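Worksheet for the structure shown next.
Numbering (UniProt numbering), first residue to last: 1 to 167.
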């Protein structure tokens, strides 16, 4: 089976072996958690994620970002580096899905590049809620105020104080 993606008016063919039913989703945020636990967020031009779990082979993720990051991702690909990534699927308010991934292909265009990752999901859903609750308690919230703030922030999913973002 060949997957044909149309991104930035370019046709990209990806050969898929043994894939049955697949579900495709729009992704709205993409981050890499580096070896120091710092979060690097990349501004997306476009992004699609494909669930191939029924075939037992995980997920495919394609991001389109500025090609100013080419050398970084080329190094990841050349070293076959296993990356911890976070992808928010469909709506910004959704929890990030956590994946271990490797770069499978890079296509460089005029100002952007398309990067295809092979991914395997892992779940740490509870970690965000626990970290948020700890942060709110550390901020001195309790009782009804704690409950309201926790529920509101679980919907909006703001960055937590302990998340170290790199620019």
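Ideal Cβ positions, reconstructed from N, Cα and C, are used throughout, including at glycine. The structure presented is a predicted model; accordingly, all values stated were derived computationally and were not measured.
For residue i and residue j, I'd like the C-alpha separation in whole angstroms.
i, j, result
"residue 34", "residue 92", "22 angstroms"
"residue 103", "residue 82", "8 angstroms"
"residue 118", "residue 149", "37 angstroms"
"residue 108", "residue 144", "52 angstroms"
Report yes if the C-beta distance between residue i and residue j is below 7 angstroms; otherwise report no.
i, j, result
"residue 45", "residue 31", "no"
"residue 27", "residue 87", "yes"
"residue 51", "residue 23", "yes"
"residue 101", "residue 115", "no"
"residue 106", "residue 113", "yes"
Run through the DSSP bridge pairs and tell me what residue i is partnered with.
i, result
"residue 27", "89"
"residue 113", "65, 108"
"residue 97", "87"
Decide if residue i is buried, meaning its Cβ has at least 16 other Cβ atoms within 10 Å, or exposed.
i, result
"residue 76", "buried"
"residue 96", "buried"
"residue 43", "exposed"
Measuring only from the beta carbon, is residue i closer than 6 angstroms to any heavy atom that is part of the ligand SAH?
i, result
"residue 41", "Inclusion of the ligand SAH in the displayed structure is not the case, the ligand content being empty and no account of it being possible."
request  = Spell out a yes or no on whether the stretch 60-75 and the stretch 130-145 are touching, meaning 3 or more CB-CB pairs, one atom from each, closer than 8 angstroms.
outcome  = no
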